[in-house]
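Number of protein chains: 2
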Amino acid sequence: MGEQVVTPYSVSARNGAVDYARIVSDFGCKLIDPQLIQRLEKLTNKPAHPFLRRGIFFAHRDLESILDAYEQGHKFFLYTGRGPSSESLHLGHLVQFMFTKYLQDAFDVPLVIQLSDDEKFIWKDISQEECQRLGRNNAKDIISCGFRLERTFIFSNLDYVSGALFDNVLTISSFLSSNAMSAVFGLNAETDVLGKLLYPAVQIAPAFSTSFDDVFGEGIKMRCLIPCAIDQDPYFRLSRDLAPRLKLYKPALIESRFLPSIEAGDGSGKMSASSPNSAIFVTDTLEEIKQKLAGAAVESVLAYLTFFEENDAVLEEMKADFSSGKRSLEDLKNDLSKVLWEVLENLQQLKAEVDDKILSEFMRPRLIR
Amino acid sequence: MGEQVVTPYSVSARNGAVDYARIVSDFGCKLIDPQLIQRLEKLTNKPAHPFLRRGIFFAHRDLESILDAYEQGHKFFLYTGRGPSSESLHLGHLVQFMFTKYLQDAFDVPLVIQLSDDEKFIWKDISQEECQRLGRNNAKDIISCGFRLERTFIFSNLDYVSGALFDNVLTISSFLSSNAMSAVFGLNAETDVLGKLLYPAVQIAPAFSTSFDDVFGEGIKMRCLIPCAIDQDPYFRLSRDLAPRLKLYKPALIESRFLPSIEAGDGSGKMSASSPNSAIFVTDTLEEIKQKLAGAAVESVLAYLTFFEENDAVLEEMKADFSSGKRSLEDLKNDLSKVLWEVLENLQQLKAEVDDKILSEFMRPRLIR
Numbered sequence: 035m036g037e038q039v040v041t042p043y044s045v046s047a048r049n050g051a052v053d054y055a056r057i058v059s060d061f062g063c064k065l066i067d068p069q070l071i072q073r074l075e076k077l078t079n080k081p082a083h084p085f086l087r088r089g090i091f092f093a094h095r096d097l098e099s100i101l102d103a104y105e106q107g108h109k110f111f112l113y114t115g116r117g118p119s120s121e122s123l124h125l126g127h128l129v130q131f132m133f134t135k136y137l138q139d140a141f142d143v144p145l146v147i148q149l150s151d152d153e154k155f156i157w158k159d160i161s162q163e164e165c166q167r168l169g170r171n172n173a174k175d176i177i178s179c180g181f182r183l184e185r186t187f188i189f190s191n192l193d194y195v196s197g198a199l200f201d202n203v204l205t206i207s208s209f210l211s212s213n214a215m216s217a218v219f220g221l222n223a224e225t226d227v228l229g230k231l232l233y234p235a236v237q238i239a240p241a242f243s244t245s246f247d248d249v250f251g252e253g254i255k256m257r258c259l260i261p262c263a264i265d266q267d268p269y270f271r272l273s274r275d276l277a278p279r280l281k282l283y284k285p286a287l288i289e290s291r292f293l294p295s296i297e298a299g300d301g302s303g304k305m306s307a308s309s310p311n312s313a314i315f316v317t318d319t320l321e322e323i324k325q326k327l328a329g330a331a332v333e334s335v336l337a338y339l340t341f342f343e344e345n346d347a348v349l350e351e352m353k354a355d356f357s358s359g360k361r362s363l364e365d366l367k368n369d370l371s372k373v374l375w376e377v378l379e380n381l382q383q384l385k386a387e388v389d390d391k392i393l394s395e396f397m398r399p400r401l402i403r
Numbered sequence: 035m036g037e038q039v040v041t042p043y044s045v046s047a048r049n050g051a052v053d054y055a056r057i058v059s060d061f062g063c064k065l066i067d068p069q070l071i072q073r074l075e076k077l078t079n080k081p082a083h084p085f086l087r088r089g090i091f092f093a094h095r096d097l098e099s100i101l102d103a104y105e106q107g108h109k110f111f112l113y114t115g116r117g118p119s120s121e122s123l124h125l126g127h128l129v130q131f132m133f134t135k136y137l138q139d140a141f142d143v144p145l146v147i148q149l150s151d152d153e154k155f156i157w158k159d160i161s162q163e164e165c166q167r168l169g170r171n172n173a174k175d176i177i178s179c180g181f182r183l184e185r186t187f188i189f190s191n192l193d194y195v196s197g198a199l200f201d202n203v204l205t206i207s208s209f210l211s212s213n214a215m216s217a218v219f220g221l222n223a224e225t226d227v228l229g230k231l232l233y234p235a236v237q238i239a240p241a242f243s244t245s246f247d248d249v250f251g252e253g254i255k256m257r258c259l260i261p262c263a264i265d266q267d268p269y270f271r272l273s274r275d276l277a278p279r280l281k282l283y284k285p286a287l288i289e290s291r292f293l294p295s296i297e298a299g300d301g302s303g304k305m306s307a308s309s310p311n312s313a314i315f316v317t318d319t320l321e322e323i324k325q326k327l328a329g330a331a332v333e334s335v336l337a338y339l340t341f342f343e344e345n346d347a348v349l350e351e352m353k354a355d356f357s358s359g360k361r362s363l364e365d366l367k368n369d370l371s372k373v374l375w376e377v378l379e380n381l382q383q384l385k386a387e388v389d390d391k392i393l394s395e396f397m398r399p400r401l402i403r
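Respectively, the protein sequence lines represent chains C and U. Going by my numbering, the first sequence opens with residue 35, and the numbers climb by one from there. Going by my numbering, the second sequence opens with residue 35, and the numbers climb by one from there.
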């Protein structure tokens, strides 16, 4: 099946399963161990999110430093993002945003969310206007995860890249050669268009608080923690290499596994917004969820329950009952559709209230620290 | 002496003299002929600027189209710029801005002036803050050439690149490969930093009116005429190649020779702000002008008189008297220092009135068409 390849542009497994241990060792990040989770619980005075307890967010870079600083009273900010290539988010995206919301609430810290509409314009055959429209739609889904307006700033690159953020993009682009881009991202320095070669600088820059004069205050230096799926690691590895030259903090990372596609539950791939049937979207109805789960593999169903059934005891019971034959696969699918519908129904109700005015408020540059 | 090389980054002559005929044929631009000058005079109802009559602005691309459209009542806009690498402008820069002012007045058209502080940051060892400071200083010199506030917008790339301009930079960067950058600009696609590879897109984008939503109105398509020294041609050749793909007008160009350095009057090089003694700066006193001219070659003195003595009859008389021995080189230098001092004294008086408030007005995005 060839070698495993994990870059921000493609994830391909070897022999049908993503080898996460191999990624961690290849990338040079660290596994999150039980001690670190305990420390996090103690510091936040909250139980760890199921995604942490169940090893879904399983790897990190420098999370200890963030916790050390937090313990001494130094706040940090969260940075995450979304490349708007579909009308709405799917469950794989929700994993990232649900976890980000948990972090925002647990630490009471500001959060910036990048809509990389510029990236989608450069990479896909979509106009800038359409990328921005998709981005605004996606932002409504994101807001519906429950983020707090007074601590959250969502920005479209096409709109917001300028001033302090552009200064940092430029500074970063003064350190990167296109050769480095080909080494880190597998881009072709000879033939790939400049937009592709430049984009990493645009994704890297928001990891530095000085990119947000109007959001954190001019020249404010804060640490950054980035919750993301592990395929985004190369961007931020690069940002960590650059930080000392910029005399800024190295961004820390907390990284997740991929939510598998419905058909291939063994972890052989990422759920993809580009192939609608492999994914459950936040706009799906209970009926649609049931239909999509009809052809799901056992491994998928178990994986999805592990991601989305919040109650540990209930989850264990489901699994045990299935092992012992007390529950059939059909039963599990029924359970799962209820679990997923609870998540989505809640989100859809919140979304009904997110109008353009609220969206504009979230996207208005203003102090959020 | 090797081959003649003319790029935006270096101008080197072969056998001591820039071969302008060769540049025109290599670049594929056209010479400005007397018919074109006559047409321009007729359309503007003004005598042509001495720089045109004397072949200083000597080459063009598509100037006819601009005049055709103008004749039919379609206005265009002017775009020129300055890379702020010195405290003040020298006479070589003045050539460009004096001519631009003539064009603005003759056609009554809006003008955008790019301060490429981002370029200087990327190419020189100067901080972004310092590049912006130099840019603001240079802008005061530029304003002192007499540009009209209601028709002129000066912008710093570090400040202004965003929104519609960034959209166009991005669109342009989606068409350019780093290979193309190496073919056109002699950049090294393998090792040059991304900032260098990207910069051409930032210089190209303002040649399209759609980059200036807040200056020309949203989505307004206007033709563009770019007065510049001929070494800038590669940028705009590229912008003309891209225009059809962007469904925008091809920018037109009107291109000048270089003002030679004081020492080497035969046209072997550009006057350079980086070697202060080769150049007369707009801040120089009459005494400094005289000192700098002391060691000047005959060819330099004659060239400078041709650039800056506005009166054709007076210029011819000076040249004839020098040929016949009626005037010595010493006399000519005296004449020249008076001519130059008249230009600079006038400019320095105007500059005394250009305070930060006026500068901010010129740099404030607002409708200028």
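Here a beta-carbon is modelled for each residue, glycine too, at the ideal position from N, C-alpha and C.
Residue environment, residue i, which counts as buried when at least 16 other CB atoms sit within 10 Å
i: U/Asn202; result: buried
i: C/Leu43; result: According to the sequence provided, residue 43 of chain C is Tyr. The question's Leu does not apply to it. Exposed.
i: C/Leu381; result: buried
i: C/Ser207; result: buried
i: C/Thr225; result: exposed
i: U/Val332; result: exposed
i: C/His94; result: buried
C-alpha gap between residue i and residue j, whole angstroms
i: C/Val195; j: U/Phe200; result: 8 Å
i: C/Asn222; j: C/Phe292; result: 26 Å
i: U/Leu125; j: U/Ile90; result: 14 Å
i: C/Val348; j: C/Pro399; result: 43 Å
i: C/Ala82; j: U/Val146; result: 56 Å
i: U/Asn171; j: U/Ile288; result: 26 Å
i: U/Ala313; j: U/Arg56; result: 26 Å
i: U/Ile160; j: C/Thr244; result: 19 Å
i: U/Arg88; j: U/Thr340; result: 7 Å
i: U/Asn191; j: U/Ser150; result: 6 Å
i: U/Leu259; j: U/Leu97; result: 8 Å
i: U/Asp365; j: U/Leu327; result: 12 Å
i: U/Gly169; j: C/Asp389; result: 43 Å
i: C/Gly229; j: U/Leu137; result: 35 Å
i: U/Ser290; j: U/Gly251; result: 31 Å
i: C/Met352; j: C/Leu374; result: 15 Å
i: C/Leu65; j: U/Gly117; result: 49 Å
i: C/Pro29; j: C/Phe85; result: The structure shown has nothing for residue 29 of chain C, since chain C only spans 35 to 403.
i: C/Cys165; j: C/Met397; result: 16 Å
Residue j beta carbon less than 8 Å from that of residue i
i: U/Leu384; j: U/Gly180; result: yes
i: U/Ile238; j: U/Tyr269; result: yes
i: U/Arg185; j: U/Ile402; result: yes
i: U/Phe22; j: U/Ile176; result: Since the first residue shown for chain U is 35 and the last is 403, residue 22 of chain U is missing from the structure and cannot be characterised.
i: U/Val227; j: C/Leu272; result: no
i: U/Leu128; j: U/Val316; result: yes
i: C/Leu232; j: U/Leu232; result: yes
i: U/Ala337; j: U/Lys367; result: no
i: C/Phe92; j: C/Met256; result: no
Proximal chain C residues relative to residue i, where beta-carbon distance stays under 9 Å
i: U/Gln382; result: The premise fails here: U/Gln382 is roughly 33 Å from chain C at the closest Cβ pair, so nothing lies under 9 Å.
According to DSSP, residues forming a beta bridge with residue i
i: U/His83; result: Per DSSP, none; premise fails for U/His83.
i: U/Glu289; result: U/Ala93, U/Cys262
i: U/Phe111; result: U/Cys258
i: U/Asp190; result: In the sequence as presented, Asp is not what sits at residue 190 of chain U; that position holds Ser. DSSP output for U/Ser190 lists U/Leu149 as bridge partner(s).
i: U/Leu65; result: U/Ala93
i: U/Arg116; result: U/Leu149
i: C/Ser59; result: DSSP, once it has assigned bridges, lists no residue as partnering C/Ser59.
Chain-ordered neighbours of residue i on chain C, where CB pairs are closer than 7 Å
i: U/Thr225; result: Ser211, Asn213
i: U/Gln38; result: Here the premise fails: no neighbours, minimum Cβ distance about 28 Å.
i: U/Asp152; result: Leu204
Interface partners of residue i on chain U, CB under 7 Å
i: C/Leu232; result: Ser207, Leu228, Leu232
i: C/Ile100; result: Those do not exist, as C/Ile100 stays about 28 Å from chain U at its closest Cβ, beyond 7 Å.
i: C/Ala235; result: Leu228
Proximal residues of chain U, C-beta to C-beta of residue i below 9 Å
i: C/Leu192; result: Gly197, Phe200, Asp201, Leu204
Contacts that residue i makes with chain U (C-beta to C-beta distance below 8 Å)
i: C/Ile156; result: Leu204, Ser207, Ser208
Residues that residue i contacts on chain C, provided the C-beta gap is smaller than 8 Å
i: U/Gln162; result: Asp201, Leu204, Thr205
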